[in-house]
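Visitor:
Numbering (the numbering used here), first residue to last: 19 to 803.
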C-alpha cells in the first residue's frame, strides 16, 4: 500500500452526456468530459469557450463611472493637462501602468507615470507622493491596480488640487475613498464579470477611450492577468488567449529582449512563459528596487535600451532567487524550532533583515512546505514596524480574517488567498494569537492535507497524442481553468527507475506491450523505493506530448501516486545494510527481528526503539492488528512462525531483508553417509580430542569445523556419545535412534527449509507465499466466527 500525499477529489463524469457532447463537437470523450466537469455542458457553451471572438469582451460603459472617466480624460487631453499614472510595483501594476500609458499616448496625452518605492513608501498611494505630484503641476492622477484603500490619500488629492481617478480590482474596504471617480468591477452592479486583474480594468478604460480592443493593449494585459493569478474565465480568458497570440507576433523591442534573456522562442510563448519567466522577472525589479525600469522596458522603442534593461532585470531576478532561498531556509528552521505546524493553524513569522520585497514568495514556499496559511513579516527595528505578505490555503479567507484584526492593522489589503500588511512590531504576537484562533476555529485536520482536484478518470487507451492536442484547446490554463489533471487507476508497472544527477526524479512506464504510457515525476524519485515491481499503481498528473528524435509520444507529468494493495519489497542481499536503513527506513516503520544477535548488531543501534524481537507466541500476539510497515530483518526460525506473524497483522508494506548468522544452505550439510563415516571413525579411533585434531580431520575430509561440531552435538543429543573437556567418546550398546530425534539436527533441517523458502526463492514465488499466508488468515477468521 502507498498512501497519496494529497487528498484526491475526483470529479464524476456523466459518460452519456460526455459522449453526446463529444459527438456534437467532434472531439474525444476525454475532452468532452473535461468541458462538462467545468460546467460547460452544451455545444454552444463549448464553442463560445473554445473559440473566442471580440464579442467575448463586455461593454466597458457597463462599469460604474466609466462615462465620466472617459469625459474627464478626453478633457485633460484636449486642454493639454499634465496626467500622472500612479501604478504598483508588481507585474500587474507594471503592465497596468504600461497599458494606460500606451492608450493615453496614442491619443496624444501629456502623461507620465509614478510607481512608489516598496521599501521607502510602501504599497499604494501615499501622502508624500501625492503632495509631490501636486507640486509638479499634475491636474489629473489615475491610479492603476491600486488606490481602493487610499481613503486618506484621496483627501490629500483634493487638498492638492488635482482630480483623482481610482482604477483597482482589490477588495474594497468598508469605507471608499472620496475620489473624482472609481472604476472597480466589484463596485459596478451592471458589470457582468467581477474578476478582472488591475490590468484588465486599465484595458477596459483603454477600450472605452480608443473605441476598440487594441492588440497593443491586450498583449500587455495578458502579462498582468496571468501574473496576478486571477480566474482565467470570461474576459480574462479572452485577454490571455488573444494576448498570447499578439505576444507571439509582438514588435515591442523590450518584450523581444526580455524573451531573449529568458531563453524563450517568441513563437512558443504560452501562459506558462508569463507565469514562470516573464512575470517573475518583472516582479523581481520591484521586489528589490524601483520598478520603473520594468515600465521603461515595456514602453521603449529603442533596441539598445531594451537589451540593457532586459539584462538589468534578469540579473535582478537572479539576485531575487538567492535572497528568497536564504530567507526560506531561515523561515523553515524557525517553523521547526519555534512554531511547529501541529500547534499552529496559521504560521506568523517575523525577523529583522528579511527583505519585504520577496517575502510574498517566501510565504508561498512555506505554504507548499507546511500547508498552513502563512504570514511572513520583515522587521524594521528602527521604525518598530513589521511589513509583510500572506498566502493562504483552501478554506481560509485571508482578507476576511485579517479584516477582524483591523484594530492592529493600519494598512492591509488583498484577496481571500493573498494579502499584504503593515503593523506595529509590538502587535506581531497579538496578530499570531488572533490568526491562530481563527485558524483553529475554521480549519479541520483534513484541511491541512493538500487537496488536488482531478478532472477526469482516464484509461490508458484514451490517452493519445491526438486527444492531448485536443485537450490543449482548453488553454490558456490558470486559476479557475487549471491545466487538466487526470487519474489513471490501477495500472501495472512496466518499468521504473530513478533519474537525474542526484536520482531525485522518477521515470516510469505503466501498462503493457499493447498499451503503455511514459511518466516523469520531478522530485518523486523516492517513490521508486515505495512501489514494488508487481504493484498496480494509480497515478495523478498532467498529460503532455514528449517530442524526441522526431517521435511524439503521450506522457504524464506525475504529481502524486498511490497503491491500494499491500506490497512486498525484496531487499535481500543488500551490500550495505547501513545504506539500506538510511534510504528506506522511516520513523513509523517497525523492524522485526527473530534472533537476539540481530538486535545487538551495531547497524541497528540508531533504530533500537523501532526494533521488535519476536521470540515467543506472546511477542507475536503483541503485533495483532498492526497495519504499518514492517522490515523483516532476519530469517524466522520456521515458516510457521512467519505465517503466524503475517496472519495476525496486516502490514501495508513488507520489506524482506532476511539477514542470516550463517548460510546453512551453502555450508556442508552432513548426509547420513557423513554420520555413518564419522561414527565408524570414532568406533575405530576411540576417544577423539576435538580441540587438538578437529582441524586436521576437517582438512582430511574436506569438511568444515562447524560440520564436525554439528555431528558431534547430534551424537551427544542422541546419547551415542559423550563429550568431556573437548573429547568425544562413543557410548557402547546404545539403541538405534533416528537423527531427526536430535533437537540440533531437527533445527538444522528447519533452518535449511526456511532458507530454501525465503532466501533462494524468486520474488514472484515469495509474493505468492506471503499472499497465501494472508489469505489463510482470512479463512481462519471465518472458521473462528
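Virtual Cβ for every residue (Gly too), placed ideally from N, Cα, C. Every value quoted in this text rests on a predicted model; they were computed, and no experiment measured them.
Looking only at DSSP bridge pairs, what is residue 585 linked to?
Guide: Answer is 671, bridged to residue 585.
Visitor: At what residues does the alpha helix (DSSP H) containing residue 110 begin and finish?
Guide: 109 to 124
Visitor: In the structure shown, what three-state DSSP assignment does residue 799 receive?
Guide: Confidence in residue 799 is poor, its pLDDT being 36 and thus under 50, which makes the residue's placement unreliable; the coordinate value appears in the next sentence. Helix at residue 799.
Visitor: Run through the segment 118 to 196 for me and flag every whole alpha helix (DSSP H) of 4 or more residues, listed as ranges in chain order.
Guide: Correct list: 145 to 153, 169 to 178.
Visitor: Report the residue from 688, 704, 539 whose alpha carbon sits nearest the alpha carbon of residue 727.
Guide: Per the Cα distances, 688.
Visitor: Please return the same chain residues whose Cβ sits closer than 6 Å to the Cβ of residue 275, not counting the five positions on each side in sequence.
Guide: 324, 325, 328
Visitor: Once DSSP output is grouped into helix, strand and coil, what is the label at residue 29?
Guide: In the structure shown, residue 29 sits in coil (DSSP, three-state: anything other than H, G, I, E or B).
Visitor: Go through the segment 706 to 750 residue by residue and report every complete run of the beta strand (DSSP E) that reaches 3 residues or more, in order.
Guide: 739 to 742, 745 to 748
Visitor: Residues bridged to residue 394 by DSSP?
Guide: Answer by DSSP bridge pairing, in chain order: 367, 407.
Visitor: Please confirm whether residue 300 and residue 280 have their CB atoms less than 8 Å apart.
Guide: no
Visitor: According to DSSP, is residue 401 part of a helix, a strand, or is it coil?
Guide: coil
Visitor: What does DSSP give as the partner residues of residue 611 in its beta bridges?
Guide: 631
Visitor: In angstroms with no decimal places, state the Cα-to-Cα distance between residue 393 and residue 143.
Guide: Rounded to whole angstroms, the gap between the alpha carbons of residue 393 and residue 143 is 23 Å.
Visitor: Let me confirm a value: residue 682 is counted as buried when at least 16 other C-beta atoms fall within 10 Å, else exposed. Which label applies?
Guide: Annotation note: pLDDT 48 at residue 682 (below 50); position unreliable, no value reported.
Visitor: Using a Cβ-based criterion (distance less than 7 Å to any ligand heavy atom), does residue 477 qualify as near the ligand HEM?
Guide: The ligand HEM is not among the ligands present in this structure, which contains no ligands whatsoever.
Visitor: My guess is that residue 284 and residue 266 are in contact by the Cβ rule of under 8 Å, so how many angstroms apart are they, rounded?
Guide: 6 Å
Visitor: Quick one: is residue 225 buried, meaning 16 or more other Cβ sit within 10 Å of its Cβ, or exposed?
Guide: Residue 225 comes out buried.
Visitor: Roughly how many whole angstroms lie between the Cα atoms of residue 790 and residue 499?
Guide: 48 Å
Visitor: I'd like to know whether the C-beta atoms of residue 366 and residue 453 end up nearer to each other than 8 Å.
Guide: yes
Visitor: By the 10 Å Cβ neighbour count, where 16 or more other Cβ atoms means buried, how is residue 210 classified, buried or exposed?
Guide: Looking at its Cβ environment, which holds fewer than 16 other Cβ atoms inside 10 Å, residue 210 is exposed.
Visitor: CA-CA distance, residue 785 and residue 650?
Guide: 14 Å
Visitor: Considering only C-alpha positions, which residue in the set 264, 451, 445 is nearest to residue 361?
Guide: 451
Visitor: Under 7 Å Cβ to Cβ from residue 684, same chain only, skipping five residues before and after it: list those, please.
Guide: Model confidence at residue 684 stands at a pLDDT of 42, short of 50, so the residue's coordinates are unreliable and nothing is read from them.
Visitor: Ignore the nearest five residues each way along the sequence and tell me which others in residue 405's own chain have a CB closer than 6 Å to its CB.
Guide: 374, 396, 440
Visitor: On the DSSP bridge assignment, give the partners of residue 386 in chain order.
Guide: Residue pairing of residue 386 in beta bridges, as defined by DSSP: absent, with no partner found.
Visitor: Look at the Cβ atom of residue 110, then the Cβ atom of residue 261, and state whether they are nearer than 8 Å.
Guide: Their beta carbons are not under 8 Å apart, which means residue 110 does not touch residue 261 by this criterion.
Visitor: Can you look up residue 475 in the DSSP assignment and give me helix, strand or coil?
Guide: strand
Visitor: What's the gap between the Cα of residue 788 and the Cα of residue 676?
Guide: 14 Å
Visitor: Sort out for me which residues DSSP pairs residue 560 with in a bridge.
Guide: 575
Visitor: Which same chain residues, not among the five before or five after residue 540, have their C-beta less than 6 Å away from its C-beta?
Guide: 523
Visitor: Once you ignore the five residues that flank residue 481 on each side, which residues in its own chain have a CB closer than 8 Å to its CB?
Guide: 48, 504, 506, 535, 561, 572, 574
Visitor: Do residue 117 and residue 239 have their C-beta atoms closer together than 8 Å?
Guide: yes
Visitor: Any beta carbon from chain C within less than 8 Å of residue 479's own beta carbon?
Guide: Going by chain labels, chain C is absent from the structure shown, which holds only one protein chain.
Visitor: For the putative contact between residue 78 and residue 107, defined by C-beta atoms under 8 Å, what is the C-beta separation to the nearest angstrom?
Guide: That pair is no contact at about 26 Å.
Visitor: Determine contact between the segment 455 to 464 and the segment 349 to 359, defined as no fewer than three beta-carbon pairs at a distance below 8 Å.
Guide: no
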